[in-house]
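Student:
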Amino acid sequence: MNKLREYGFVRYDLLKELNYEGIEFDYLELLNYFSDLPIDEYAPTLNRYRRYSRALILPGNDQIFWLPIQKINNSEYSVYFQGKFNPEFPESYRKFRPIDQHIQNNKLLNKIISSNFKKTFWNEEDKILPIHVGVHFVKLFVNDAFKKATSSPDCLHQDGEPFTFAHLIERKNVKGGTNVIASPQVVGKKPHEINNEDIIEIFELSKALESYGVHDTSVSHYVSAIEQDNKSNPATRSVILIDYQQTIVADINE
0 MNKLREYGFV RYDLLKELNY EGIEFDYLEL LNYFSDLPID EYAPTLNRYR RYSRALILPG
60 NDQIFWLPIQ KINNSEYSVY FQGKFNPEFP ESYRKFRPID QHIQNNKLLN KIISSNFKKT
120 FWNEEDKILP IHVGVHFVKL FVNDAFKKAT SSPDCLHQDG EPFTFAHLIE RKNVKGGTNV
180 IASPQVVGKK PHEINNEDII EIFELSKALE SYGVHDTSVS HYVSAIEQDN KSNPATRSVI
240 LIDYQQTIVA DINE
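Read left to right, the sequence shown gives residues 0 to 253 (numbering that gives the first Met the number 0).
Structure below.
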């Protein structure tokens with residue numbers, strides 16, 4: 000049974016699911032990479048850090064090809080467009096520093112991309128052309144007892160891509176970071192603004208590679224801001240987000 004297809008949402012333990020020899024080494028490489036992510040240039044005061052790159056995956060053989068980066072003002076970027084689905088940046092292109100090549104080649108990261116893809120479902124026509132994969136490394140980090148770190152958008156939302164998966168890399172000294180999965184009708188609202196019957200599940204990712212996935216049109220989702228649990232130490236929540244989008248073929252009659 001494909002729980003993602005049936006319920007529009009699935010939770011799973013990717014560490015147990017993959018469990019190959021050497022996974023601990025590959026995980027540590029990803030964990031260490033999060034230690035110096037650049038600040039999110041679109042939210043310099045919200046204690047959010049990130050990198051982003053795009054790839055293609057070929058249906059049928061699951062080969063992964065990373066797309067080239069762009070040079071903008073002598074700096075390297077990958078460009079992301081979310082259309083109307085992020086109310087904080089509607090119809091806006093955002094550019095982020097790319098994921099370095101040695102991390103793109105990380106065995107665990109590539110296995111995560113392939114494993115997620117096997118959970119997705121498509122029309123046969125969608126599988127004729129490559130599937131586009133967006134890979135986001137996002138860290139919320141706060142070291143001030145009077146501040147929080149916030150995800151974007153800070154409301155129940157959909158992403159615009161058919162499927163999105165989230166994989167916890169680290170959660171340390173965190174208060175908050177609570178995930179909410181809800182009905183699609185409550186997009187744009189905060190969890191406290193909706194009825195209980197619209198909430199599908201509330202949970203927190205706490206273990207390394209604890210994961211969830213959503214079918215975009217079936218649900219909405221949200222993660223709350225984080226703050227320090229013990230005010231003497233910083234709070235860190237690091238997550239890999241991966242979205243999947245079919246190749247869109249233009250209608251020449253439009």
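The beta carbon of each residue, even a glycine, is placed where N, CA and C say it ideally should be. Because the structure is a prediction, the values reported are computed rather than measured.
1) To which residues of the same chain is residue 268 closer than 6 Å at the C-beta, ignoring the five residues directly before and after it?
2) Quick check on the burial criterion: 16 or more other C-beta atoms within 10 angstroms. Buried or exposed for residue 81?
3) Using 8 Å for Cβ pairs, my map puts residue 79 next to residue 133. What's the rounded Cβ distance?
4) For residue 163, count neighbouring Cβ atoms within 10 angstroms of its own Cβ and tell me buried if that reaches 16, exposed if not.
5) Are the beta-carbon atoms of residue 211 and residue 56 separated by less than 9 Å?
6) How do the segment 140-154 and the segment 55-72 stand: do at least 3 beta-carbon pairs fall below 8 Å, yes or no?
7) Considering just the uninterrupted stretch of the beta strand (DSSP E) at residue 156, what are its terminal residues?
8) Quick check on this structure: which residue in 200, 22, 213 and 21 has the alpha carbon closest to the alpha carbon of residue 118?
9) Does the CB of residue 53 have a neighbour CB from chain D at under 9 Å?
10) Starting from residue 167, trace the beta strand (DSSP E) in both directions and tell me its first and last residue.
11) How big is the Cα-Cα spacing for residue 241 and residue 52?
12) Tell me whether residue 240 sits in a helix, a strand or coil according to DSSP, three-state version.
13) Only counting runs of 4 or more residues, tell me where the alpha helix (DSSP H) segments fall wholly within the segment 24-88, in order along the chain.
14) Using 9 Å as the threshold, is the C-beta distance between residue 199 and residue 180 below it?
15) Per DSSP, which one or two residues make a beta bridge with residue 235?
Tutor: Considering the structure as presented:
1) No information on residue 268 is available, as it lies outside the stretch 0 to 253 that the chain covers here.
2) Taking the first residue of the sequence shown as position 1, residue 81 is located at position 82. Low confidence applies here, because residue 81 scores a pLDDT of 49, under 50, leaving its location unreliable; read the following figure in that light. When all chains shown are included, residue 81 counts as buried.
3) Numbered from 1 along the sequence shown, position 80 holds the residue referred to as residue 79. Numbered from 1 along the sequence shown, position 134 holds the residue referred to as residue 133. Sure, about 7 Å apart at Cβ, within 8 Å.
4) Position 164 of the sequence shown holds residue 163. Label assigned to residue 163: buried.
5) Working through the sequence shown from its first residue, we reach residue 211 at position 212. Working through the sequence shown from its first residue, we reach residue 56 at position 57. In this structure, residue 56 does not lie closer than 9 Å to residue 211 by Cβ.
6) The segment 140-154, when compared against the segment 55-72, does not touch it at the 8 Å Cβ threshold.
7) For the purposes of this step, residue 156 is identified with residue 157 of the sequence shown, where counting begins at 1. Per DSSP, residue 156 lies in no beta strand (DSSP E) segment and is marked neither H nor E.
8) The count along the sequence shown starts at 1 and reaches residue 118 at position 119. Answer by Cα proximity: 213.
9) Protein chains in the displayed structure number just one, and chain D is not present.
10) By one-based count along the sequence shown, residue 167 stands at place 168. Looking at the DSSP string, the run of the beta strand (DSSP E) that includes residue 167 is 162-171.
11) On the sequence shown, position 242 is the one that residue 241 refers to. On the sequence shown, position 53 is the one that residue 52 refers to. The alpha-carbon atoms of residue 241 and residue 52 are separated by roughly 10 Å.
12) Translated into the one-based positions of the sequence shown, residue 240 becomes position 241. Strand.
13) Counting only runs of 4 or more, we get nothing.
14) Taking the first residue of the sequence shown as 1, we reach residue 199 at position 200. Taking the first residue of the sequence shown as 1, we reach residue 180 at position 181. In this structure, residue 199 places its C-beta atom within 9 Å of the C-beta atom of residue 180.
15) Counting from one through the sequence shown, the residue named residue 235 turns up at place 236. According to DSSP, residue 235 bridges with 140 and 171.
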